Amino acid sequence: MYVIVVGGGKVGWNLARELMDKGEEVTLIESDRRRYLVIEQELEHAVQYGDATELWVLDRAGVQRADLVIAVTGDDEDNMLVCQVAKEKYLVDRIIARVNNPRNLQHFKLLGIQPAVSATDLILRLIEHEVPRYGLVHLLALEEERLEIIELEVAVDSPAAGRQVQNVELPDGCLIISVLRGGDGFVPKADTVIEGGDEVLLVLDPGLEEAITPQFASPVRRG
Amino acid sequence: MFVLIVGAGRVGSAVAKTALAAGHQVSVLDEDPLSHERLDVGEEGTWEDRGGRFTVGTALEIDALLEAGVEDADAFIAATDGDNTNLVIAQIAARRFQVERVIVRVMDPLRAAWYAEQGLETISPTAHAIDMFEKALGLD
Chain D
6 MYVIVVGGGK
16 VGWNLARELM
26 DKGEEVTLIE
36 SDRRRYLVIE
46 QELEHAVQYG
56 DATELWVLDR
66 AGVQRADLVI
76 AVTGDDEDNM
86 LVCQVAKEKY
96 LVDRIIARVN
106 NPRNLQHFKL
116 LGIQPAVSAT
126 DLILRLIEHE
136 VPRYGLVHLL
146 ALEEERLEII
156 ELEVAVDSPA
166 AGRQVQNVEL
176 PDGCLIISVL
186 RGGDGFVPKA
196 DTVIEGGDEV
206 LLVLDPGLEE
216 AITPQFASPV
226 RRG
Chain C
65 MFVLIVGAGR
75 VGSAVAKTAL
85 AAGHQVSVLD
95 EDPLSHERLD
105 VGEEGTWEDR
115 GGRFTVGTAL
125 EIDALLEAGV
135 EDADAFIAAT
145 DGDNTNLVIA
155 QIAARRFQVE
165 RVIVRVMDPL
175 RAAWYAEQGL
185 ETISPTAHAI
195 DMFEKALGLD
């Protein structure tokens, strides 16, 4: 696989190195001269100097035959446009963009740049996971496939506690796929009884969270 | 016509003044509050006194665009000093806010040409400068 990585910051440099260790062919493009000279000492011919938002720089890096273009500069506009040009002008099949400011995620979507990865969002999810007082944890979002996986804590006095899976009142488009109890996870059957204190994993169509959470939340905390 | 101009540099502010003097509604958005001064140079009364609008904010922030009136804009001019910012906000104006006329400044002539093919109205000062230098040298 031929991968072009744009941006030789910590993310880009480490990414390029890891991909090369896995045996992939990589070109890293860096637009800061000094940074380029530093990286070049290690990656040698695998790094090119230039501003990848300029077409000829992408051209020179061989974007036409790239299987994957990853834009991970610290500038969201740069990342958006590199990916847009790679995808729409050079017809690169796969692109991945880094989102620096999570508020810009909407712009990546508007321009059709998917997937767009926000480290801030990922860490926020980890915080949700590690600090469960937030109740609902987004584990995975497959935007293009329109699927999400969330984790919820079942409150002892919630409607779902003590009910069989088949009797939990859930809207169409969601499914309980796993129950975590006492540190163990298992796949429930229709007649598995959900207990207070369980953590349940659900797969769902995006946007159903609000309809689902009341089933697992304590009535007191609801609303 | 209601014109929203993003970027009050030399180009943006000059176009803003001309458009206002020509009787159009003009709103200017720039992240630097001091750029407001350019709108007053050589004019009588402040930009606001003359009927202009000025918003301080980053163009990528939807709130700033809304405050500057993007929803009502008939024309949108992206004239910040960054090509990439201009290209992104121009596409936001066109696709998200359906601004009818979107004009974007792109210094890089190659990209100006490609984005023009994609339907954006692009202006490349670099391409103009090249043309004029070539004409001056009798190369055309």
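So the protein lines, in turn, are chains D and C. Here the first sequence is numbered in the numbering used here, starting from 6 and rising by one per residue. Here the second sequence is numbered in the numbering used here, starting from 65 and rising by one per residue. The C-beta atom is built at its ideal place from N, Cα and C for all residues, glycine as well. Owing to the predicted nature of the structure, the values given are computational and were not obtained by experimental measurement.
About 20 Å separates the beta carbon of VAL120/C from that of PHE161/C, a gap too long to meet the 8 Å contact definition. According to DSSP, residue pairing for ASP94/C in a beta bridge involves VAL120/C. For ARG39/D, the enclosing alpha helix (DSSP H) begins and ends at 38-48. Counting every other CB atom within 10 Å of its CB across the protein chains shown gives LYS15/D a total below 16, marking it as exposed. Chain order gives the chain C residues near LYS94/D as TRP178, where near means a beta carbon separation below 8 Å. In this structure GLN53/D is buried. Its beta-carbon is surrounded by 16 or more other beta-carbon atoms within 10 angstroms.
Between the C-alpha atoms of ALA91/D and THR58/D there is a straight-line separation of about 10 Å. For the pair VAL70/C and GLU125/C, the Cα-to-Cα distance works out to about 12 Å. Residues of the region 101-124 of chain D with a Cβ closer than 9 Å to any Cβ of chain C, in chain order: ASN106, ARG108, ASN109, GLN111, HIS112, LEU115 and LEU116. Counting along the chain, the unbroken alpha helix (DSSP H) around THR190/C starts and ends at 189-200. Non-local C-beta neighbours of ILE141/C in its own chain, meaning closer than 6 Å and more than five positions away in sequence, comprise ILE69 and ILE167, ordered along the chain. Chain C has no Cβ within less than 8 Å of the Cβ of THR218/D. With its beta carbon at least 8 Å from every one in chain D, ASP113/C lies outside the interface.
Using a CB distance cut-off of 8 Å, ILE156/C counts as an interface residue toward chain D. If you look at ALA66/D, you'll find it isn't in any alpha helix (DSSP H); DSSP assigns it neither H nor E. Annotation: ARG159/C to GLY188/D spans about 48 Å, alpha carbon to alpha carbon. The three-state reading of DSSP puts HIS88/C in coil, since its state is none of H, G, I, E or B. In this structure, the alpha-carbon of ALA76/D lies about 6 Å from that of ARG103/D. About 5 Å separates the beta carbon of GLU204/D from that of GLU158/D, a gap short enough to meet the 8 Å contact definition. VAL31/D is bridged by DSSP to VAL8/D.
Annotation: ARG65/D to GLY116/C spans about 46 Å, alpha carbon to alpha carbon. In this structure VAL92/C is in contact with ALA72/C, their Cβ atoms being roughly 5 Å apart against a cut-off of 8 Å. Listed in chain order, the positions of the region 99-133 of chain C with a beta carbon within less than 8 Å of a beta carbon of chain D are LEU124, GLU125 and ILE126. In this structure, ALA176/C is the residue among PHE197/C, ALA176/C, ALA180/C and GLU181/C with its C-alpha nearest to the C-alpha of SER188/C.
Under the Cβ distance rule, VAL170/C does not count among the residues neighbouring chain D, no pair being separated by less than 8 Å. Residues of the same chain with their beta carbon placed closer than 7 Å to that of THR82/C are lacking, with the five preceding and five following residues left out of the count. Counting only the Cα atoms, ALA193/C lies some 13 Å from LEU203/C.
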